[in-house]
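Just so you know, the sequences run in chain order A and B. Just so we're aligned: the first sequence equals residues -7 to 311 in the numbering used here. Just so we're aligned: the second sequence equals residues 21 to 418 in the numbering used here. Glycine included, C-beta positions come from ideal geometry on N, C-alpha and C.
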Amino acid sequence: MDLLEVSKGVGERLAEREVSRASYMSRFLRKRVSVTPYLFLLPALVIYLTFLVYPAIYSLYLSLTEWDGLSPQKKFVGLQNYISLWGDPVFRLALRNNVIWTVVTLLVPTIGGLALAVALNQPLRGRNLFRAVFYAPGVLPLVAVASIWGWIYNPNFGFINEMLRHIGLGSLAHGWLADYDTALPATLVTAIWQGIGLPMMFYLAGLQVIPQEQYEAAAIDGANAWQRFWHITLPWLSQTHVIVITLAVISSFRVFDLIYAMTYGGPGQTTQVLATWMYFNTFQYYHAGYGSAIAWVIAGISLLVTIPYIRLMARSQQE
Amino acid sequence: MHLRFMTWLDASGKALMDQAIKEFEQQHPNIQITQETVAGTGAATYPDVLKTGMAGGNPPDMFFMWGGSLAAPFIDANQVIRMEQYYKRYGWDKVLIPHAVQAIKRKGALYGVPIHYQGMGFWYRKDIFQKHGLQPPKTYQELEQICQKLKEHNIAALSMGGKYGWNVMRLLDYFIEMEAGPEKHDKLDRLEASWDDTAVVNAYKLLNKWASNGWIPEGFMAVTPDDARIPWFQGKAAMVFEGGWIIPVIKQQGQDITKYGYIVPPTGHKPERISAFPEQIMIAKASKHPDEAAEFINWFIQPSIQEKYYDISGSTATANVKLDPKKYPLVNEWNQVVATHEAYPPTDQAFYKELMDSYFRVQDAIIDGRMTPEQGAKEMQKAAEEWKARNPGKCGMC
């Protein structure tokens, strides 16, 4: 090997090393750049971990203990609280009430909201006023809603009983929230009144993206109003259905305010739902461990619904 | 230094208490007190709010509390201080009504200072009674006759609010006292006697009778206790079952106090007992300033201060409080009734809340007719046995 070849070989190696160094620097810089979004996420992440993840994990731990919520000592009892749930008749009643609540608040406000949205999507006079009127109850605090309806249902001077007496149906007037048979349906009516506005707004938004040409073409082809609704409107709203239905299921398993403020779980325990039963156990009966177990049952059911929803939304965003 | 003071006072009571605090602060410039109030639901939510503060390590320095089972969880969880040293330092035994002090003791120890001793009975509209030629009853039979006569004139005898349960409980407690008698009633409260008993069955029968005869306004089970006073003030109901705190309420409603009177619920037993309970101020163990809190309590329970701020709650546990009979018609008389009658506790101060909700559940079912009185008594005994098995050694009235 002569000197020229040697120097050429060294030069090539140096050049390779330089390229390799430049490539490393580039990768390094890219890595540095890729850290930046995480730094921006950090404050939110810290808040999320502190105020959501940590309390959630702590409450999971509490659900495995027997604790009065006040004493320094907590007794570890494993899964006993979860086992006890199934022998608790009020828990079973509350679960049943939640299922009823879910079915009713899923069907009625969703179908009603869709009907209102379709109606208010037409060029009606004063439709913005109607939209505001139907949406307004949805922005009121639930306790205020409960208070308003508590007065409407008041057995002595409430609007419903007064109206029934006025039109000669006084025999139907009774204590709507005090009656075992009407207490839950009466609170459901309030929930529907309060909850119909949100799906209506979602559906109104969904209706805006449907191309008018499709309706015009279908009309030319002789499709009637029902056929246009069934074959054009409904399929176009499929994403909206997912959002509306998922939110309805999640909120129905979290229902607390209306029941607490309107019936306090009564009469007897007739209107107990999981969230109120959790509250009673944790705060009133000094069974914080048992109450936490109920909280995790609620969380588990909500997660079962939420995870497919989040996955669907993520897939839809990618598409 | 700064003290936090939690109460359950409503707007007018809070305003008066703030006035009292201001006066105290002027005399004690080194102490500042902030009152935090949780008003409106009685014992239904106040203890929850307090408990949340304690569990979070941030309780108020001092706070209002009832007696019996409502105070017991805070004592048993070691969250309040013992007060004997302050009783000795300030000589509170000489200032306070002895049976009020006795009523707040738990297992012989003092964890609070009584500020009110509330007795309850029927409060009636004299104008309605006079209009229908009725006299306050001396026996239970006379009381029923009054109820029936008022019903014939389309007036409900007794307005009650069944929401939260405790308002209706007062009537049921009265029936149990009447049917069981003092000795057995106390045993029932301590779960030393079976609730599956003829006396309890009879009490449930009476409760159902009052509801189904329309002696209580229709639909009362969904009405809040505060709203239940409305038909009474409107003249649609003749009586309410309340304590002496109703006197300032009558005045605040702009009503003519001379139109109102009280009836000691006739039980037919000797001693004829009334339902009564203490209310106290406790000091949190986590307080950094217990001495200053005790200083405020000492100032507040003195007779001259109690006389001046009597309207805060319409009751006092301080002895020798002299109120102007012109300004406080009825009050001195009622206080005399409370002071001279032996008492039984309202059941919600004898039972822990969990067992109490079983009591309310049976009470609601009896009124609704979903449970017969016999079934109710059996159900209540079953609930008591289950509660005792789950909570060995726990006792509300110890």
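Quick check on this structure: which residue in 71/A, 156/A, 146/A, 186/A has the alpha carbon closest to the alpha carbon of residue 243/B? Nearest to residue 243/B by C-alpha distance, out of 71/A, 156/A, 146/A, 186/A, is 146/A.
Cβ pair residue 51/A, residue 287/A closer than 7 Å: Taking 7 Å as the Cβ cut-off, residue 51/A and residue 287/A qualify as a contacting pair.
Assuming residue 61/A contacts residue 268/A under a Cβ cut-off of 8 Å, what Cβ separation, rounded to an integer in Å, is found between them? Between residue 268/A and residue 61/A the Cβ distance is about 17 Å, and since that is not below 8 Å, they are no contact.
List the endpoints of the continuous beta strand (DSSP E) containing residue 298/B. Bounds of the beta strand (DSSP E) holding residue 298/B are 294 to 303.
So residue 396/B is in the beta strand (DSSP E); what residue range does that whole segment cover? If you look at residue 396/B, you'll find it isn't in any beta strand (DSSP E); it sits in the alpha helix (DSSP H) that goes 393 to 410.
If you drop the 5 nearest sequence neighbours on each side, which residues of the same chain put their C-beta closer than 7 Å to that of residue 146/B? Contacts found: 279, 280, 281.
Between which two residues does the alpha helix (DSSP H) containing residue 248/A stretch? Premise fails: residue 248/A is in no alpha helix (DSSP H) and is neither H nor E.
Contact criterion: CB-CB distance below 7 Å. Does residue 261/A meet it with respect to chain B? Yes, because at least one Cβ of chain B sits closer than 7 Å to the Cβ of residue 261/A.
Segment contact flag, the segment 334 to 341 of chain B with the segment 157 to 165 of chain B, C-beta cutoff 8 Å, min 3 pairs: By the Cβ test, the segment 334 to 341 of chain B is not in contact with the segment 157 to 165 of chain B, since fewer than three Cβ pairs between them sit closer than 8 Å.
Could you check whether the Cβ of residue 262/B sits closer than 7 Å to any Cβ belonging to chain A? Not a single C-beta of chain A is nearer than 7 Å to the C-beta of residue 262/B.
Taking all protein chains shown into account, do 16 or more other C-beta atoms lie within 10 angstroms of the C-beta of residue 391/B, making it buried, or fewer, making it exposed? By the neighbour-count rule (16 or more Cβ atoms within 10 Å), residue 391/B is buried.
Whole angstroms is fine: what's the gap from residue 271/A's alpha carbon to residue 283/A's? Using only the alpha carbons, I get a separation of about 7 Å.
Is residue 215/B closer than 7 Å to residue 31/B when the C-beta atoms are compared? Note that the C-beta distance between residue 31/B and residue 215/B is not below 7 Å.
Is there contact here, the segment 305 to 320 of chain B with the segment 40 to 56 of chain B, by at least three beta-carbon pairs under 8 Å? Contact holds: three or more Cβ-Cβ distances are below 8 Å.
Classify residue 212/B as helix, strand or coil using the three-state DSSP reduction. Residue state for residue 212/B is assigned as coil, using DSSP reduced to three classes.
Taking residue 323/B as part of the alpha helix (DSSP H), name the residues at either end of that continuous run. Here the alpha helix (DSSP H) through residue 323/B covers 323 to 328.
Closest to residue 44/B by CA distance: which of 317/B, 349/B, 354/B is it? Out of 317/B, 349/B, 354/B, 317/B has the C-alpha closest to the C-alpha of residue 44/B.
Whole-angstrom C-beta distance between residue 224/A and residue 206/A, which should lie under 8 Å: Their Cβ separation, rounded to whole angstroms, is 5 Å, which keeps residue 206/A and residue 224/A in contact under 8 Å.
Can you tell me where the beta strand (DSSP E) with residue 134/B in it begins and where it stops? Start and end: 133 to 145.
Assuming residue 81/B contacts residue 172/A under a Cβ cut-off of 8 Å, what Cβ separation, rounded to an integer in Å, is found between them? Incorrect: roughly 44 Å between the Cβ atoms, too far for contact.
Own chain residues within Cβ distance below 7 Å of residue 261/B, not counting five before or after: Around residue 261/B, the same chain offers 140, 142, 178, 180, 190, 191 as residues with beta carbons nearer than 7 Å, after the five sequence neighbours per side are excluded.
Could you check the C-alpha separation between residue 172/B and residue 236/B for me, to the nearest Å? Whole-angstrom Cα-Cα distance: 13 Å.
Give the residues of chain A in contact with residue 302/B, contact being defined as C-beta atoms less than 7 Å apart. Those within 7 Å of residue 302/B in chain A number zero; the least Cβ separation is about 13 Å.
For residue 35/A, count neighbouring C-beta atoms within 10 Å of its own C-beta (all shown protein chains included) and say buried if the count is 16 or more, exposed if not. By the neighbour-count rule (16 or more Cβ atoms within 10 Å), residue 35/A is not buried but exposed.
Close beta carbons around residue 382/B, own chain, < 6 Å, minus the five adjacent residues each side: The answer, listed in chain order, is 396, 399, 400.
What is the DSSP secondary structure of residue 172/A, reduced to helix, strand or coil? Here residue 172/A sits in coil by DSSP.
Spatial neighbours of residue 66/B within its chain, please: CB distance less than 6 Å, with the 5 preceding and 5 following residues excluded, ordered by chain position. If we look at residue 66/B and ignore the five residues flanking it on each side, its Cβ neighbours are 28, 58.
According to the Cβ coordinates, are residue 299/B and residue 135/B closer than 7 Å? At a Cβ-Cβ threshold of 7 Å, residue 299/B and residue 135/B count as neighbours.
Of all Cβ atoms in chain B, is any one closer than 7 Å to the Cβ of residue 127/A? Judged by the 7 Å Cβ criterion, residue 127/A is not in contact with chain B.
Would you say residue 68/B faces chain A, with C-beta separation under 7 Å as the test? Taking Cβ atoms only, chain A reaches closer than 7 Å to residue 68/B, which makes this a yes.
Please confirm whether residue 147/A has its beta-carbon closer than 7 Å to some beta-carbon of chain B. Chain B, which has a Cβ nearer than 7 Å to the Cβ of residue 147/A, makes this yes.
Interface residues of chain A around residue 74/B at Cβ under 9 Å? By Cβ distance, chain A contributes 61, 62.
So which residues on chain A does residue 110/B lean against when the C-beta distance must stay under 7 Å? Those within 7 Å of residue 110/B in chain A number zero; the least Cβ separation is about 28 Å.
Would you mind telling me which residues of chain B sit closer than 7 Å to residue 276/A, beta carbon to beta carbon, in chain order? What residue 276/A touches in chain B: 68, 373.
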